[in-house]
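First up is the structure itself, then whatever we jot down about it.
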Amino acid sequence: MRELAESVPNFSTSDPETVREILGVMTRVKGILLLDHSYDDYYNRLIVTVAGQSSPRASGLAGCGEGCGTHRHEETQRTAP
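Residues 2 to 82 (this note's numbering) are what the sequence shown spells out, left to right.
This is the structure we're talking about:
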């Protein structure tokens, strides 16, 4: 049985261009589904929910903030059998 991984990274940004860039990177990763996202310019925060098969590639997605030129603020990750 394959494991499913869910990640909910938070980014310190509300800049529309940066938000589009982060979401674009996440939608281009094979095997990862973008389930939801929300951003708030008042609190300067983008929250993204992604899921996919548990793998080194999925684990590396959490580092998207570094690849996007943004700062990853906080992350919660759960794995279900």
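We treat Cβ as the ideally placed atom computed from N, Cα and C, and that holds for glycine. What you are looking at is a predicted structure, and each value in this text was computed from that prediction instead of being measured.
- Going by DSSP, E18 is part of the alpha helix (DSSP H) stretching over 17-29.
- Beyond the five residues adjoining it in sequence on each side, D42 comes within less than 6 Å, by CB distance, of S15 in the same chain, given in chain order.
- Across the structure, P17 and E4 are spaced so that their CA atoms are roughly 33 Å apart.
- The alpha-carbon separation between V20 and A6 amounts to approximately 22 Å.
- Here S8 carries a strand assignment [DSSP, helix/strand/coil].
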